[in-house]
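Worksheet: the structure to be examined is printed underneath.
2 protein chains.
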Amino acid sequence: MIISKGELDQMEIRKKVQLATSLPGAKPICLVGTKSQAGVENLAPFSSITHLGSNPLLIGMVTRPDTVERHTLQNILDSKAWTLNHITEEFLQAAHQCSAKYPGGVSEFEATGLTAHYEAGGFAPFVAESPVKFSLELEEVIDIKSNGTKLIVGSVQQIILPDVALEASGHLDLSGLGCLASTALDTYFSIQEIGRLPYARPE
Amino acid sequence: MIISKGELDQMEIRKKVQLATSLPGAKPICLVGTKSQAGVENLAPFSSITHLGSNPLLIGMVTRPDTVERHTLQNILDSKAWTLNHITEEFLQAAHQCSAKYPGGVSEFEATGLTAHYEAGGFAPFVAESPVKFSLELEEVIDIKSNGTKLIVGSVQQIILPDVALEASGHLDLSGLGCLASTALDTYFSIQEIGRLPYARPE
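Those sequence lines, one after another, are chains A and B. Per the working numbering, the very first residue in the first sequence carries number 1; after that it's consecutive. Per the working numbering, the very first residue in the second sequence carries number 1001; after that it's consecutive.
Encoded structure:
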């Protein structure tokens, strides 16, 4: 079937949101850990996370002003610091529950039973249950004029992971660690590595 | 283990690139289809694809000026048009081969044997072998100052997919379609849906 832009414009809004969020494919899913100036710890699931560069190691994520992500954005603007924590099936229910719209004074750690972990000198909390987690420092916030969203760009400060997960090549065994992928804010996938292909050259 | 920013800065460059590109998690993998003003069709694999908004349906992708993606970027700037084509295991080898740095006059369709497909009125080629594909129109190109990359923002014009893949809810059955995920420009994953969780509310 072919769905035209006109048909998309006419589509019932919940159906369109569901289609729009699954269309680009399976994405990462991480809990973003932040802390307010008043000391309230915050967790929110984000899936719009992407690699922007390796040298320095820059990661981008997209935020909308009108969702639970607003606490996350404000905390990042105030403290310049956040963590990204990969989600596994073992704590998926608690991680998903972090998408609920709790009032400002409530910490998602307390609400869901997840455990905050701090490294010396770090402001933002890590999620202890997460096998791969890293902290970032704010580099820039970019306005996306097309729809009023923002791209938050951070440089990676510290990576915490099991020794066995990092291969000599630098490859991280995400499927072995049980890291999930997601779409549509409600659908979660396990991932299985099916192959690593050599650097391609013209034949 | 903990890897500090200082250790990252000192890491051998290939190892760092591998770590940096797997760190954010499993991402979508699509072939970007474009055509030059001279009529040369181009295909390039992109993994930095993200949902920016549902109403209108906006998709972003990140490009670097110094890679095979440069043909893609130039073609998009010239024509304002491109397609995104999900990759499955059936044509993974050919899709991966599109990352090779072919000279400007060579079409990756010819080089890899993939089949161009056009819809009436469309400028950019789709990949016939792809089960889920969609065309976009350029909305804006945003400079990411932190490292000189660009975020290309497009609005979805047309979606082509099998009737059975679109559920009444708008949910797209990506794992049923065999759509892959990827990291690190060389590693590919199959995905298996493990659950859909209800909208979360504070308890």
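Positions of the beta carbon are idealized from the N, C-alpha and C atoms, including for glycine.
Residues bridged to residue i [DSSP beta-bridge criterion]
{"i": "G33/A", "result": "L43/A and T83/A"}
{"i": "P28/A", "result": "A181/A"}
{"i": "M61/A", "result": "I49/A and I152/A"}
{"i": "V1127/B", "result": "A1116/B"}
{"i": "Q1192/B", "result": "S190/A"}
{"i": "T1072/B", "result": "Partner(s): none; T1072/B has no beta bridge."}
{"i": "K204/A", "result": "Residue 204/A falls outside the range modelled here, since chain A spans only 1 to 203, and no answer is possible."}
{"i": "L209/A", "result": "Within the shown structure, residues of chain A are numbered from 1 to 203, placing residue 209/A beyond reach of any answer."}
{"i": "K145/A", "result": "Answer is none; K145/A lacks a bridge partner."}
{"i": "S135/A", "result": "T83/A and Q158/A"}
For residue i, three-class secondary structure by DSSP
{"i": "A1020/B", "result": "helix"}
{"i": "L1114/B", "result": "coil"}
{"i": "D173/A", "result": "coil"}
{"i": "E140/A", "result": "strand"}
{"i": "L1077/B", "result": "helix"}
{"i": "G6/A", "result": "helix"}
Partners in chain A for residue i, counting only beta-carbon separations shorter than 8 Å
{"i": "R1014/B", "result": "S169 and G170"}
{"i": "A1200/B", "result": "H96, Q97, C98, S99 and A100"}
{"i": "F1134/B", "result": "L23"}
{"i": "E1140/B", "result": "I144, K145 and S146"}
Among the options, nearest to residue i - alpha-carbon criterion
{"i": "A1100/B", "options": "L1114/B, I1087/B, L1138/B and P1045/B", "result": "P1045/B"}
{"i": "G154/A", "options": "P56/A, L8/A, K27/A and M1/A", "result": "P56/A"}
{"i": "G148/A", "options": "E1203/B, S1054/B and A1116/B", "result": "S1054/B"}
{"i": "F1189/B", "options": "P1028/B, V1141/B and R1014/B", "result": "P1028/B"}
{"i": "S1130/B", "options": "G1113/B, C1179/B and G1121/B", "result": "C1179/B"}
{"i": "T1187/B", "options": "T1063/B, L1084/B and A1095/B", "result": "A1095/B"}
{"i": "V1106/B", "options": "E203/A, S4/A and G6/A", "result": "E203/A"}
{"i": "L23/A", "options": "H86/A, I3/A, T115/A and L84/A", "result": "I3/A"}
{"i": "L1031/B", "options": "Q1018/B, A1128/B and E1167/B", "result": "A1128/B"}
{"i": "H86/A", "options": "L43/A, G122/A and L19/A", "result": "L43/A"}
{"i": "F123/A", "options": "L19/A, E41/A, F109/A and I13/A", "result": "E41/A"}
{"i": "M1/A", "options": "L1166/B, A1200/B, K1016/B and Y1199/B", "result": "L1166/B"}
{"i": "E1108/B", "options": "H51/A, A200/A, L8/A and G6/A", "result": "A200/A"}
{"i": "E90/A", "options": "L177/A, H51/A and P103/A", "result": "L177/A"}
{"i": "E1012/B", "options": "P198/A, H171/A and R196/A", "result": "H171/A"}
{"i": "E119/A", "options": "R196/A, D173/A and A81/A", "result": "A81/A"}
{"i": "H117/A", "options": "E139/A, L84/A, I144/A and Q97/A", "result": "L84/A"}
{"i": "R220/A", "options": "Q1097/B, E1110/B and Y1102/B", "result": "Residue 220/A is absent from the structure shown; chain A starts at 1 and stops at 203."}
9 Å Cβ cut-off: residues of chain A touching residue i
{"i": "V1153/B", "result": "I144, K145, S146 and N147"}
Cross-chain neighbours of residue i in chain B, by beta carbon under 7 Å
{"i": "Q207/A", "result": "In the structure as shown, chain A starts at 1 and stops at 203, and residue 207/A therefore has no counterpart that could be examined."}
{"i": "S54/A", "result": "K1016, V1017, A1020 and T1021"}
{"i": "S175/A", "result": "F1189"}
{"i": "V40/A", "result": "Chain B residues near V40/A: none, gap ~15 Å exceeds 7 Å."}
{"i": "E89/A", "result": "I1194"}
{"i": "H86/A", "result": "G1025"}
Within chain E, partners of residue i - CB distance below 9 Å
{"i": "F1126/B", "result": "As a matter of chain content, chain E is missing from the structure shown, whose protein chains are A and B."}
Where residue i meets chain A, residues with beta-carbon distance less than 7 Å
{"i": "R1196/B", "result": "D186 and T187"}
{"i": "S1048/B", "result": "T50 and H51"}
{"i": "L1008/B", "result": "L57 and V156"}
{"i": "L1161/B", "result": "M1"}
Contact check, residue i vs residue j, beta carbons under 7 Å
{"i": "L1092/B", "j": "V1132/B", "result": "no"}
{"i": "A1181/B", "j": "A1026/B", "result": "yes"}
{"i": "S175/A", "j": "I194/A", "result": "no"}
{"i": "M1061/B", "j": "S1079/B", "result": "no"}
{"i": "S1036/B", "j": "N1075/B", "result": "yes"}
{"i": "F1126/B", "j": "G1039/B", "result": "no"}
{"i": "Q1157/B", "j": "E1137/B", "result": "yes"}
{"i": "S169/A", "j": "Q1018/B", "result": "yes"}
{"i": "K1150/B", "j": "T1088/B", "result": "no"}
{"i": "S1146/B", "j": "L58/A", "result": "yes"}
{"i": "H1051/B", "j": "T21/A", "result": "yes"}
{"i": "I142/A", "j": "I1142/B", "result": "yes"}
Residue i Cβ short of 6 Å to the ligand HEM heavy atom set
{"i": "I159/A", "result": "Inclusion of the ligand HEM in the displayed structure is not the case, the ligand content being empty and no account of it being possible."}
Within chain B, the residues that residue i reaches when beta carbons sit closer than 9 Å
{"i": "L31/A", "result": "Within chain B, no residue comes near L31/A; the closest Cβ sits about 12 Å away, beyond 9 Å."}
{"i": "K27/A", "result": "G1025, A1026, K1027, P1028, I1049, T1050, H1051 and A1181"}
{"i": "Q107/A", "result": "Note on residue identity: the sequence assigns Ser, not Gln, to residue 107/A. Ordered by position in chain B, no residue passes the 9 Å Cβ test against S107/A, which lies about 12 Å from the chain."}
Where residue i meets chain B, residues with beta-carbon distance less than 8 Å
{"i": "S79/A", "result": "Simply none; closest approach about 17 Å."}
{"i": "E193/A", "result": "T1187, Y1188 and F1189"}
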